[in-house]
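Residue numbers (the numbering used here): 27 to 563.
#1: Going by DSSP, what residue range makes up the alpha helix (DSSP H) through residue 201?
#2: How far does the beta strand (DSSP E) with residue 236 in it extend, from its first residue to its last?
#3: By the 10 Å Cβ neighbour count, where 16 or more other Cβ atoms means buried, how is residue 156 classified, buried or exposed?
#4: Less than 8 Å between the CB atoms is what I'm expecting for residue 200 and residue 138, so what's the real figure, rounded?
#5: Who are the near neighbours of residue 171 in its chain, counting only those whose CB is closer than 8 Å to its CB and skipping five residues on each side?
#6: For residue 218 and residue 275, what's the separation of their Cα atoms in angstroms?
#7: Between the alpha carbons of residue 400 and residue 418, how many angstroms are there, rounded?
#8: Figure out for me which residue from 267, 220, 533 and 337 has the closest Cα to the Cα of residue 281.
#9: DSSP state of residue 319, grouped into three classes?
#10: Which runs of the alpha helix (DSSP H), 4 residues or longer, sit entirely within the region 258 to 315?
#11: Looking at the unbroken beta strand (DSSP E) that takes in residue 350, where does it start and where does it end?
#12: DSSP on residue 80, reduced to helix/strand/coil?
#13: Which of the three DSSP states, helix, strand or coil, is assigned to residue 456?
#14: What alpha helix (DSSP H) runs, 4 residues minimum, are completely inside the region 137 to 215?
#15: Which two residues bound the contiguous beta strand (DSSP E) that contains residue 74?
#16: Is the Cβ-Cβ distance between residue 33 and residue 55 less than 8 Å?
#17: Using 8 Å as the limit for Cβ to Cβ distance, is residue 396 near chain B?
#18: Quick one: is residue 196 buried, meaning 16 or more other Cβ sit within 10 Å of its Cβ, or exposed?
#19: State the Cα-Cα distance for the pair residue 473 and residue 500, rounded to the nearest angstrom.
#20: If the criterion is Cβ atoms closer than 8 Å, does the pair residue 233 and residue 214 meet it?
#21: Please state whether the Cβ-Cβ distance between residue 136 and residue 48 is less than 8 Å.
#22: With DSSP run on the structure shown, which of helix, strand or coil describes residue 62?
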């Protein structure tokens, strides 16, 4: 695969790849632009065409074209590789020693699904009754229908199958693509069709079909295939990622139609988990793009449970969530948008911390004047609060709940209702802060390229060529013009700040370990001694 990477690098200039996302201007030998993550007030994003690398000084990120696409698109390395390979005209299969039959099978599936999508689009255009449903009853306009490639599956047994057969696809290939039912006929019949698009490439990997008229189930999705995994797939992300990156927030709604209506209403940051419960993989994919994740869940029992689960998942991953409140009489975003798109735009800005929202929902549904209501409320509250990683935030909510129930925080803590879903694991390490990473980058750059100024600084240095090029860019941009005395003073200040931040990181890591060993008094005592020793440094 390294050969494939090098071939792609040789064909794609870093400035051309980055230039698809941000405007770059000449700055000496380099190019400069604004951070795509919106964290700088002045241009601090540098690109070196000569070295084929980039570095964002405001966000402390950097690397080559692959790391850039991974960061800006919020996708995995494999997805970035495939996306850039397509741009470069590189065929990955010839570089892989894996199963070429599987690659060929996937390629045929994509061709089959793309053709099916075009077929459904033509069927919609030719059916006046269904057009009335889509454009008038669902309230979608032509631009939205075109953007989301909405179509219609005829209410016949084998219309799509017969069409694809004429185009050279076998029944097995159609079945692989998830287009046939258990009897060998069309899976989707009499339904408004919306394709599932891969976030990285926009390629179709499946469909969701909404029944037109009466019938069950109301929504039918493609079954899991080699291309479609419902635990990973985020509906609408292919269309939303640019707005999410630009405006730095994402809205998770419950239904696919909510996503489509939201985009039409101007809130293009909306996505959905497409008919399945939220998973860690969903949250990880979105957290790569933004740390501001807003849930648009109903206030009914199902919505409360969904929010509770999301908080637990997010807590295990170190992600903070908020909830959009205030639908008025509308049951969901789609219905609110039908009333007035501006109401939904306003609602998106009316968000509160997820824990705060959830506790309020239970306060309104339970009788907190009676013992059973208090017990259930405190069970839920302590279970959810237990997932918060920040000690100050946990204490804040514990105090609120204690006051609400007229008990002490110590009474609440005795409940010990902090179980985690079995598949979740506690984080084993504390991620470096942006401040610490920035200091580490600066020191490594000076130690590597600053000569005697970096003498005596003990810091791990990279051997990776791309990383070394990035450090050279940092040094040239920030420190190359300093004289020896000034640079030595700068290093001294950086090193002192680095040590202080590193102590903070070590203490935080030990505090996490302390929470995980509450039943081992001997280990807890040792950890506390280590924390005290660090604080004295």
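All C-beta atoms in this analysis are idealised placements derived from N, C-alpha and C, irrespective of residue type, glycine included.
Working from what's here:
#1: 197 to 202
#2: 230 to 237
#3: buried
#4: 6 Å
#5: 150, 160 and 161
#6: 29 Å
#7: 24 Å
#8: 220
#9: strand
#10: 263 to 273, 282 to 290 and 306 to 313
#11: 347 to 350
#12: strand
#13: Note that residue 456 scores 40 on pLDDT, short of 50, meaning its location in the model is unreliable; the coordinates nonetheless yield the value given after this. Coil, per DSSP.
#14: 154 to 158, 168 to 173, 185 to 192 and 197 to 202
#15: 71 to 74
#16: no
#17: The structure shown contains no chain B; it holds only a single protein chain.
#18: exposed
#19: 12 Å
#20: yes
#21: no
#22: coil
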